Each structure stands twice: as C-alpha cells, then as structure tokens.
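Note sheet for the following structure.
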Amino acid sequence: MKKPMSAATWGTSLAILLSIIQAPTSQAAPTLAQVQAQVIRYEEEATAAAEGAQEAKVKLNSLTRSLAGIQAQAEIQAKTVDAISKTLGAIAIDQYKSGTISQSLELLFSSDPSLYLSSAGSLEAITRQKGIQLRKFQSAEQQLNATSLTVSDRLAQVKALQKKLAEKSALATAKLAQAESVLAKLKKEDRERLARLAQEREDADQASSLKAARSAAGVSGRAGLAIKFAFKQIGDKYVFGADGMIYWDCSGLTMRAYQTAGVSLPHSSAAQSRMGKSIPFSQKKPGDLMFFGRPVSHVGIYLGGGKMVHAPRSGSRVKVATTDMGRKRLVAIRRF
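Numbering (mature numbering (1 follows the signal peptide of the UniProt record, and there is no 0)), first residue to last: -28 to -1, 1 to 308.
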C-alpha cells in the first residue's frame, strides 16, 4: 500500500506543475527573409521621414526669403515714420494724438480778435499743411505696425518649421538606427549573407535597368530630356537630401532631371506634387511624375508599361522598377 504524499512533497510537485504551465512559449527566431523585410521597412520609413524633412526645408527657405523682404520693408517704413516725425515735431504729434484744440481755434476765441483776422490766412495754410503731414504720419505708423505684426507671425512660422525639420531628420536617423539594430542581433555569418544577397539583388536590378534604358526611345520634348538624364544616373546610390551628381534622393533626382529640360522644381516630393498639371491615372504618359504616399513621400518618373525610374530608398540605387510601391499607394500624377 502506497503512503500518502506528504504536504511538502505535494507542494513541490504543484510548484513544478505550475512553472511548466506558466512558462512562456518560446518563439522561433525570425528567418533571414523576415529580418530582411523588417530592415527594408525601416529603411522605407526612414526615407519617408527624410522626404518630410525636405518639404520642411523647402518651406523654411521660402519663408526665410519672405521674412527678409518683410524685415527690409519694415526698416524702410520705420525710417519714413522717423522722417515725418522730425518734420512735424513732437508737440504737433502729441496734439494730433491727444486731440487738443487747433491753434486757429485758440486764436479765434482769444481776447484779441484782430490777431486772428490778421493771421487767419497764414494759420489756415500752416494748419492744412500740418494736417497733411499728420495724416501721412498716421498712415506710415499704421503700415509699420502692420508690417511688424507680419514679421512676428513669420518668425513664429520659421520657428515651427525649424522644429519640424529637426523632428523629421531625427526620425529618419532613428529609423536607420532601428534597421542597424535588427541586423546587429544576427550572427556575423547571417549579416554577411544578407549583405551579399542585397548586393546581388541590387546588381541584378542595375543590369535590368540599364537594359530597359537602352531599349527606351521615342519620348521627345521636356519629358524625353528628363528621362534621358535619369537613365544616366542608374546605379547611383540613394542618400538622404542628395541631389547629385553621385548620390540622390527621389526628389533630388526628379528635380535635376527636369532642370535639364528647363523646368524649375523644388527639392521635395510633396512640393513637386503641387506643381505642374494634374493628370488622371488613366492618361499618364512617359515623363510624367508619379507621387506616392499620404502625405506624399516619394516620386518617380513614369516610363510607360507600368515602369518608372526612381531613387527608391536608403540602401538602394537609382533604378528602373515597377510602379507598384506596395503599401505606399500612387496618389497623384503631374505633367510638366
């Protein structure tokens, strides 16, 4: 006959059973394909953030130029106010602002009416001239006040854009750091294998892109010149904020490509998407710019046949690729 289990033994057995039940299920390590997909996603997010920084930079440059012009205007207006002020004299301005009785009325009600009669003509002329000058002073002062308010408003906008630029730039850097962190967790041989696979993929893309460029023909005008320029950059590496002639980002490439065709574009995909002529998706032609993402964060040059030439993302090169950007949807087409 078996002896009943002691309380101590029972407690130990229960603890072991509970530890088995409550132990977390171990997760299988991600495959290299999954790691690669994760790294690419972080690189794409970094690229989107970098384009956001480019948009902020374009707006900031435009606003800074506008601010400089307004500040120069304010300086001119301040000198005008000062000049009129000196002409009038402090007493006349104080009288105008306080609304005190005019000199001619003071004379009219004085104890010596003959003084008014003898001086009325000259006083009227002086008063009229002073009135004109005072109205000029008031107008100039109002203009200066309005301009000063505009300057203050522009300064606030500049500060906000500087903050946005810093935030977007930091986000782009952080996303690349996340990609590096994912790779750092791999074994050395796995990192080397992924790097080799990425290199092989980029080399294959470059070879097919050069073949596509050689076979492309028949596009004339500005569109043809832009495409021809972009084709010459195939194989160049993507770098945040770069606009040639060795490194490119997406909007830097399209900006320079159309610059060779005599079209001036800003270095920002979002800013470019607001320029040119809007084209229905069904009517796109080679040379049209295709914009992706909401908000817009990527741009490429359409080639026809569902292909475009673009600078895709960090870690990649300028290439000919399909217009399918996966999660980043086509949102606009513009013609220049």
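For each residue, glycine too, the CB sits at the ideal point set by N, CA and C.
Being a predicted model, the structure only gives us computed values, none of them experimental.
Query: Contact between the segment 238 to 255 and the segment 296 to 306 (3+ Cβ pairs under 8 Å); Result: yes
Query: Exposure of residue 385, with buried meaning 16 or more beta-carbon neighbours within 10 Å; Result: With the chain covering -28 to 308 only, the question about residue 385 has no answer from this structure.
Query: Bridge partner(s) assigned by DSSP for A293; Result: M280
Query: F263 in three-state terms, based on DSSP; Result: strand
Query: Span separating the alpha-carbon of F263 from that of K291; Result: 16 Å
Query: Where the beta strand (DSSP E) containing A246 begins and where it ends; Result: Here residue 246 turns out to be Arg, not Ala, going by the sequence shown. Careful: R246 lies outside any beta strand (DSSP E) and carries neither H nor E.
Query: Local conformation of G272 per DSSP, three classes; Result: strand
Query: Proximity below 8 Å, CB of S286 to CB of A5; Result: no
Query: Exposure label - E164; buried when at least 16 CB within 10 Å; Result: exposed
Query: For I305, the residue or residues it bridges with in DSSP; Result: M262
Query: A195 vs P258 beta-carbon contact at 8 Å; Result: yes
Query: Beta-bridge partners of K209, as assigned by DSSP; Result: Y219 and R289
Query: Enclosing alpha helix (DSSP H) for residue 322 [first to last residue]; Result: Because residue 322 is not part of the residues shown, which for the chain are -28 to 308, the question remains open.
Query: Given V11 as reference, the closest of L155, Q115 and L60 once Cα atoms are compared; Result: L155
Query: D14 versus K29, P252, L143 and I199, residue with shortest Cα-Cα distance; Result: Contrary to the premise, residue 14 reads as Tyr rather than Asp in this sequence. Closest by alpha carbon: L143.
Query: Reduced DSSP category for S59 - H, G, I as helix; E, B as strand; rest coil; Result: Checking the sequence shown, residue 59 turns out to be Thr, not Ser. DSSP places T59 in helix when its eight states are reduced to three.
Query: C-alpha gap between S38 and L237, whole angstroms; Result: 18 Å
Query: Outcome for G298 when other beta-carbon atoms lying within 10 angstroms are tallied against a minimum of 16; Result: exposed
Query: Inter-residue Cα distance where the pair is A202 and N33; Result: 26 Å
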